[in-house]
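Here the structure comes first, spelled out in structure tokens, and everything after it is commentary.
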Amino acid sequence: MSMTRRQALASAGAAAIAGGLAKPAIAAKDPIPVGYLPALTGPSSSTGIGINRGIQLAVQEINAAGGIDGRQIELITRDTQSDPTKAVNGAAELTRGQKVSVVFGPVNSGESLAVVPLLARTNTPQVHPCWVDSLTDTQKYPMCFRNAPTNQQIGGAANRYVVEVLKRKKVAVISDTTGYGTASVNAYVPMLKAKGAEVVYQGNVDAANPDLKAELLRMQSAGAEAIMPWSVNAGFLSRIINTRGQMEWDVPIVGQTTLGSGQTKALLEKPEYWAKVYPNNFRTVCYAPGGKLPDRTIAFLDRLKSAKIDMGDTLLWWIALGYDSPRMIAEAMRNVGTEPEQVVSYLNKLKEFPGVYGDISFTPDQHNGYPDDEVVMVEANSLKDGAFNLAPGYSA
Amino acid sequence: MVESIVLSGVAIGCIYGLIGVTYNVMFTASRVFSFTAGTLGMLGGVLGSLFIVRMGMPVVVGFLLVLAVGALFGIVTEIVAVRPVLKSLDQHLYVLSTLALALMVQQFTAIEWGTESRPFPRLFDIARGRFDQQFWLPMLACAAVIVSLELLYRHTLIGRAFLAIAEDTYAARALGLPERSLRMASYALAGVIGALAGFAGGEMLLAFFGNAPLLTFYGFVPVALGGMGNNRGSVVGGLLLGLFQQTANFLVGGIFASVAVFTVFIIVLLARPEGLAGAALQRRV
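The listed protein sequences correspond, in order, to chains B and H. The numbers in our numbering rise by one with no breaks, and the one at position 142 of the first sequence is 142. Convert by adding 396 to the 1-based position in the second sequence; the result is the number in our numbering.
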């Protein structure tokens, strides 16, 4: 049978249309690739290990409940090993090789400082929990969202506690030499001064330094009335606490959340050295003065217990933060679709997403979604099931 | 303040000095600078914590096992990373082979042990004091190693054999000395010393995989300061480094302390390239 050119073109067109129509039907059942850049190993991995437990649980729950409109979430993980270079390599592979729809992480600021500009260039929506202020910018990184506090919020809460509640005016601020540590000191020292405190010691110290007595003696001789350490390295923080204990120096230590982690506790020479240590934490995952957690958090704890998730060596807020991130993205994708622009347009209007870690809200001009009043200080030695008592001076 | 500088400076200096001696013992037997010296120190701390804290072994058993594993790692280093490159010493391939082995062991430790610092046990159940065991244990270990090496090298036949191959390998072999066996024994001895350094300094350094590059780096400084192959020079160099480092920590603090340490190190090497205690090489013309 002969075929005219017009018939051939019509057949080809019909086949193309049929093929084009069939494709979305198959794609609709494909998993949604979601990139994930945690630090599961390396010296700054304690945060990532905790967050990972929450993320894995949330993805399991979403997929077990049928996924997003029938599509499963496929979490594609690249361990950054606490190394910015490896984080960049992982991000490049996730966006160019795996073509992920969205990226969670990195979970440490040092790695995010390297990754955020890269993801912005590839137009990939990103949700990260890193605190360094410059890691969100609606002009430079319009697809990047932070579902955690900024350094300004964290430092603001710690500084307020030292100056206004503890009434200490001479302060020592110390950090390790990571991107997070140095950026924190640079951000908090001017904030402390603006509150009327005198920063009598300011230093960035190699976290591997085995003996910090010299640093603490310099603080003491400068007249410091409070020590504010900013590091996620449990070894570094425990050396500060142990040295204070050895010196029998009765001065409060107020600062980074890792001060209260299980890894830090394991390295203390004496349990009593943990007294008068007040790390940052978050009201939603803390015991109020009556010893009660918020209802939403109690329900989450039950879910963690039934999933047999270990909390003995980590912090509840890390798991809660990890748990909230995929749920927030899943909500966006369910409502508007999985295309990057659709996800971003939904997040830009997100109002009080009910996370366990906190209610998250964004606007087109504000991609820092964590509420100020949820950032609090706690008593490190009150750690129970990954949660703490609010520090003295806070009301319920 | 002075007491604190001296105590911690001497203690850390002893650990650096012992790692320097580890470099030297391997160097004298093979003319190779094995960059596994710091890894041995790291293993001393990690294995001590593993055997005593995690596995609950008695301190003495844990200690002896740590030394045995150190000796074994020394022998493996000689077989895997040193022997294959001995024929081309002038190409300095040992830098690559020993660094590669050190990195492999470090990464394996990170994967199996974890990347967080972990506690090292109190070896003696005595109350903490100013002159605590975390300070005097490295000093004791350093003194014991120096005295033992002196006795070994000066008063035993095998020690003299070590010196003979260090002095002239070909002549020693011509005289019938088992050069390969002696080299392996030297590496085993270096393994014991390196592991002992990490074990004695475990309470200060904690059981942490990241101590390997720290000790590799700071342990090399005393070798350069004290003169290559000179054990007493290494210990003196280690003590000077520890004391200067702690003094710099007190005076300038933070990252500036490291800058001060390496500025002085470079100045010393510019002034005396052969090290403070080393003899200048005579070149025959």
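Ideal placement from N, C-alpha and C gives every residue a C-beta, glycine not left out.
Item, Value
"Taking C-alpha atoms, which residue in H:L666, H:G510, H:S445 lies nearest to H:F595?", "H:S445"
"Can you find a CB in chain H that lies within less than 8 Å of the CB of B:S46?", "yes"
"Between the Cα of B:S226 and those of B:V171, B:T182, B:L217, spot the shortest distance and give me the residue it belongs to.", "The question names Ser, but residue 226 of chain B is Ala in the sequence shown. Selected option, being the one with the closest Cα: B:V171."
"Report the rounded CA-to-CA distance for H:P517 versus H:F531, giving the unit in angstroms.", "14 Å"
"Check this for me: beta carbons of B:L224 and B:V251, under 8 Å apart or not?", "Correcting the residue identity first, residue 224 of chain B is Ala in this sequence and not Leu. Going by C-beta atoms, B:A224 is nearer than 8 Å to B:V251."
"May I ask which residues mark the beginning and end of the alpha helix (DSSP H) holding B:K86?", "84-92"
"Looking at B:S231 and B:D176, is the spacing between their C-beta atoms short of 8 Å?", "yes"
"Work out the CA separation of H:L547 and H:V417 for me, nearest whole Å.", "15 Å"
"Look at the Cβ atom of H:M397, then the Cβ atom of B:D211, and state whether they are nearer than 8 Å.", "no"
"Whose CA, out of B:G290, B:A307, B:C286, lies closest to the CA of B:T297?", "B:C286"
"Just to confirm, does H:F516 get its C-beta within under 7 Å of one of the non-hydrogen atoms of the ligand PLP?", "Looking for the ligand PLP in the displayed structure turns up nothing, as the structure carries no ligands at all."
"Hey, B:G35 and B:V116 are a contact pair by Cβ (cut 8 Å); roughly how many whole angstroms apart?", "At roughly 13 Å, the Cβ-Cβ gap does not stay under 8 Å, so B:G35 and B:V116 are not in contact."
"Cα-Cα, which of H:A407, H:Y412, H:G405 is closest to H:V617?", "H:Y412"
"For H:G649, go through chain B and note every residue whose CB falls closer than 9 Å to its CB, in chain order.", "Y201, G203, V205, A214, E215, R218"
"Helix, strand or coil for H:C538, going by three-state DSSP, please let me know.", "helix"
"For H:V501 and H:T435, I'd like the C-alpha separation in whole angstroms.", "7 Å"
"Alpha carbon to alpha carbon, what distance is there between B:A380 and B:A275?", "7 Å"
"I need the straight-line Cα distance from H:V632 to H:A539, nearest angstrom please.", "12 Å"
"Around the Cβ of B:K305, are there at least 16 other Cβ atoms within 10 angstroms (buried) or fewer (exposed)?", "exposed"
"Just how far apart, CA to CA, sit H:R524 and B:M311?", "32 Å"
"Keeping to the same chain, check which residues put their C-beta closer than 7 Å to that of B:D372; ignore five residues upstream and five downstream.", "Q153"
"Does DSSP put B:R244 in a helix, in a strand, or in coil?", "helix"
"So what does H:A662 bridge to, in DSSP terms?", "Per the sequence shown, residue 662 of chain H should be read as Ile rather than Ala. Note: H:I662 sits in no beta bridge, so no partner."
"For the beta strand (DSSP E) holding B:I253, just list the boundary residues, first then last.", "253-255"
"How is B:N280 classed by DSSP in three states: helix, strand or coil?", "strand"
"Are the Cβ atoms of B:A92 and B:E111 separated by less than 8 Å?", "no"
"What did DSSP end up calling B:S184 once you bin it into helix, strand or coil?", "helix"
"With a 10 Å radius around its C-beta and 16 neighbouring C-beta atoms as the bar for buried, classify B:Q366 as buried or exposed.", "exposed"
"Please report how far the alpha carbon of B:I174 lies from the alpha carbon of B:S325, in whole angstroms.", "31 Å"
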